[in-house]
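Report on the structure given below.
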Amino acid sequence: MLSLEKLKQFDSENKLHWNSNGRPNRRVFLDEYKGQPIENLWTDVYVINPMADERVDYATQKPEALLERIIKTSSKEGDLVADFFPGSGTTGAVAERLGRRWIMCDLGRFAIHTSRKRLIELQRKLHDEGKSYRAFDVYNLGRYERQWWQKERLKGADEEHRKVVLGFYKAEFLTNARSPLLHGRKGPALVHVDSIDSMLTRSEVRAVAAAAKETGAKEVHCLAWEFEMDLRLVCNEIEHAEGIKIKLIPIPREIMEKNRTSPPPFLEVAILEAQPIFHKQKDRRTADIKLTKFLPSLAEVPSKELEALRERAVKSGFDFIDFWAVDFDYQDGLPFEHHWQAYRTRKDRSLPLVSSHEYVYLKPGKYVACVKVVDVFGCDTSITLEVNYE
């Protein structure tokens, strides 16, 4: 209750509004209002509208307004913001827009890919608006899930790991193999299972193929968790030179599921092919890259959908590309430089199959370009190709 003196003061200052019943209501002018403290329950942040520009169709996507409030109330410009379950990358996008540094970590391939596209889109928007932005990169920092599985479930034994993989692959485990590189047999084909904490390399594939050929085998299957770049192209060379067929098959992560008994599908790695193309102009020669073939592995596809998608993948493999990028001057051992990239969006599902960068090399010579493709399942496939710039 206000005293009569206070009411008279407010009335003289035009801070009272008299309603139709003759009762006064106090007026508060905008320059006097200092705001209302935020309470624990936030009911003024609404779900994302289905037509909103920020929507990326990710199941657990949070509104940018929510993350903006959290980041603004708990950090200042230049601070480092970390999100270890970023999902669609809302935290990184908002942090970048608000001038914060950021780190995001996720195990899900689709989450990482969605976040990457979102940050690239933000960079383009900030560039068009003349605002500053920073570069970012995607790193694979460890094989923690497999390492935990090997330590806790397999008691640290790599040999036991190979037995488990061969069991799910429905292959016979070889106890007295002629080579330590040959671990199993499936029908007429020999099987190599790479170490749980390794990447299958070019030199290793050559050694496996040589060992299999010495036994008289005509086919060898190489099962691994990770594969070195360009490995499928190296296998093509070996097949033509040595007359032995090589299959590269990723080990499905589903075999690590507790109490898993039914085998998941074992599918070959994706096939990606590309070629350089050149444009002649008056005073210079520019280079671009054309995708010529893509066949996704479908390793991340649920079993019930596999058959329906397999035929479509063979006929229209390019339809499964969601993102691709080119590093025109790739240096082995250095980070991939995104000189050019293209990707599908929710509003525009088209995708060019030829880059439009018109890259100019500083001088004639032989260079290496790297092409990276991410399919609609979030799986990466990369190859390198020689560019003869004259």
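The sequence shown begins at 113 in this note's numbering and counts up one residue at a time.
We put the CB at the ideal spot given by N, CA and C, even for glycine.
Contact under 9 Å by Cβ, residue i with residue j
i: T202; j: Q173; result: yes
i: E449; j: P476; result: no
i: K357; j: E331; result: yes
i: S244; j: L253; result: no
i: E176; j: A205; result: yes
i: R209; j: L192; result: no
i: L384; j: S494; result: yes
i: E284; j: L293; result: no
i: D400; j: V317; result: no
i: H333; j: V303; result: yes
i: I367; j: P377; result: no
i: F440; j: V499; result: yes
i: V486; j: D492; result: yes
i: L343; j: V381; result: yes
i: Y281; j: T226; result: no
i: I363; j: V426; result: no
i: A411; j: L446; result: no
i: R290; j: T327; result: yes
Host alpha helix (DSSP H) of residue i (start-end)
i: A420; result: S415 to K427
i: T226; result: R221 to D240
i: C347; result: L343 to E354
i: H273; result: D270 to F280
i: R192; result: First, the residue type needs correcting, since residue 192 is Leu and not Arg in the sequence shown. That residue, L192, is in no alpha helix (DSSP H); its beta strand (DSSP E) goes L192 to D195.
i: D123; result: L116 to S124
i: A454; result: Counting along the chain, A454 falls outside any alpha helix (DSSP H), though it belongs to the beta strand (DSSP E) covering W452 to Y455.
i: K325; result: R314 to E326
Backbone secondary structure at residue i - three-state DSSP
i: Y256; result: helix
i: T155; result: coil
i: K370; result: coil
i: I182; result: helix
i: V206; result: helix
i: L286; result: coil
i: F489; result: coil
i: D249; result: coil
i: K475; result: coil
i: F448; result: coil
i: F430; result: helix
i: A171; result: coil
For residue j and residue i, the rounded distance between their alpha carbons
i: S315; j: I183; result: 48 Å
i: Y251; j: G490; result: 15 Å
i: P414; j: R265; result: 25 Å
i: D218; j: P198; result: 7 Å
i: L497; j: V480; result: 6 Å
i: E369; j: F390; result: 49 Å
i: L178; j: K298; result: 54 Å
i: E271; j: R246; result: 45 Å
i: L286; j: H295; result: 5 Å
i: D143; j: K127; result: 13 Å
i: F268; j: S310; result: First, the amino acid is wrong: residue 268 is Gly here, not Phe. Straight-line Cα distance between these residues: approximately 14 Å.
i: A353; j: W260; result: 40 Å
i: E423; j: K459; result: 26 Å
i: E349; j: V157; result: 58 Å
i: W130; j: N137; result: 6 Å
i: F196; j: K146; result: 35 Å
i: S468; j: V168; result: 25 Å
Pick from the options that is closest to residue i, judged by C-alpha positions
i: R258; options: F406, R365 and V483; result: R365
i: K325; options: E470, D342 and P300; result: P300
i: D444; options: E340, L418 and V303; result: E340
i: Y471; options: E264, H451, E189 and E241; result: H451
i: F432; options: F440, A322, D441 and L421; result: L421
i: L360; options: E369, Y455, S468 and A321; result: A321
i: E125; options: E117, P162 and V466; result: E117
i: R135; options: L114, T398, P149 and V488; result: L114
i: D249; options: Y256, L231 and R255; result: L231
i: A506; options: I308, G355 and G268; result: This structure leaves residue 506 out entirely; the chain is present only between 113 and 502.
i: I150; options: R181, E241 and S462; result: R181
i: R255; options: A336, S227 and N371; result: A336
i: R456; options: S187, R228 and K275; result: R228
i: S200; options: E233, A323, I308 and S186; result: E233
i: A386; options: V159, K298 and L403; result: L403
i: Q121; options: S132, N133, N131 and R139; result: R139
i: S462; options: F430, H352, E349 and M163; result: F430
Opening and closing residue of the beta strand (DSSP E) in which residue i lies
i: V507; result: Past the boundaries of the shown model lies residue 507; the chain is included only from 113 to 502, so the question cannot be answered.
i: F406; result: R397 to L407
i: G201; result: Counting along the chain, G201 falls outside any beta strand (DSSP E), and DSSP gives it neither H nor E.
i: K392; result: I383 to K392
i: S494; result: D492 to Y501
i: V332; result: E331 to A336
i: A437; result: I433 to D439
i: K298; result: G296 to K298
i: R265; result: Unbroken run through R265: none, as it is neither H nor E.
i: P136; result: P136 to R138
i: H129; result: L128 to W130
beta-carbon residue i near the ligand GTP non-hydrogen atom, thresh 8 Å
i: R258; result: Although the ligand GTP was asked about, the structure shown includes no ligands whatsoever.
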